[in-house]
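Asks: In our numbering, the protein residues as written are 11 to 268.
Pasting a structure here, questions to come.
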């Protein structure tokens, strides 16, 4: 009998579609700023009626009101739940979950673990907000900034364990782990969102040492929300991981099977 496969497509930032047979889930789907080099087709997320939210920041939930249809279920914690309600997502679409929630979506079994957002240094945030790149692209900058700061994380970042066909996928909401949480080890694939610090490689190495996944998919390293985002050089962590596990860095819209 042919082995059943899970297909994983990365669209950019933390946005991923996971497909197992006729079952599909979206993680943090987004549309980039109109002036971004990165494009996501308007119909890219069609026919996927279940969305998992890792946390409530702008680049993770700001497009959900455009993506969710009448029969879409959006699984999230309190902070993104409240934000999405304010942004026009219907209460009937929202499913409030918390650390420890276990639920099924088609062939998927999903467990929510306590996560932790990578530490955003206040000085670094100010430097980014007033960088040369920002000042050179001032058109509409205040509107963009007001939008971004209206989306709050509230220390509610989640990690998800997604299981199907005997495979385990661990999705980190940010490149950090809670010290007091026992995460699944040696999963078949872990998502590492590679953005948010000047110590990314060091942080990713420590996470790998703690989890020892069989494979890593790099996400969030791209420049999708200019001028506030940036393209991250992943070569150092790729070199490190390739000696220890399979490592995937996809093009936008690219897929792998496990």
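Here a beta-carbon is modelled for each residue, glycine too, at the ideal position from N, C-alpha and C.
Considering only C-alpha positions, which residue in the set 76, 201, 264 is nearest to residue 277?
Replies: In this structure the chain extends from 11 to 268, so residue 277 is not present and cannot be described.
Asks: Determine contact between the segment 218–236 and the segment 13–32, defined as no fewer than three beta-carbon pairs at a distance below 8 angstroms.
Replies: yes
Asks: Count the other CB atoms within 10 Å of the CB of residue 42; is the residue buried (16 or more) or exposed (fewer)?
Replies: buried
Asks: DSSP on residue 170, reduced to helix/strand/coil?
Replies: In this structure, DSSP gives residue 170 an extended state, which the three-state scheme calls strand.
Asks: Helix, strand or coil for residue 92, going by three-state DSSP, please let me know.
Replies: helix
Asks: Three-state secondary structure (DSSP) at residue 246?
Replies: Residue 246 falls in the helix class under three-state DSSP.
Asks: Between which two residues does the beta strand (DSSP E) holding residue 218 run?
Replies: It is not in any beta strand (DSSP E) - residue 218 instead sits in the alpha helix (DSSP H) that spans 210–221.
Asks: Where do the ends of the alpha helix (DSSP H) carrying residue 158 lie?
Replies: 151–159
Asks: Buried or exposed: where does residue 222 fall if 16 or more other Cβ atoms within 10 Å of its Cβ makes it buried?
Replies: exposed
Asks: For residue 98, collect the residues of the same chain with a Cβ closer than 8 angstroms to its Cβ; drop the 5 residues on either side in sequence, then sort them by chain order.
Replies: For residue 98, same chain residues with a beta-carbon under 8 angstroms away, outside a window of 5 residues either side, are 75 in chain order.
Asks: Rounded C-beta distance between residue 29 and residue 37? I'm assuming under 8 angstroms.
Replies: Cβ-Cβ separation between residue 29 and residue 37: approximately 12 angstroms, too far for a contact (criterion under 8 angstroms).
Asks: Taking DSSP as the reference, what is the three-state secondary structure of residue 251?
Replies: helix
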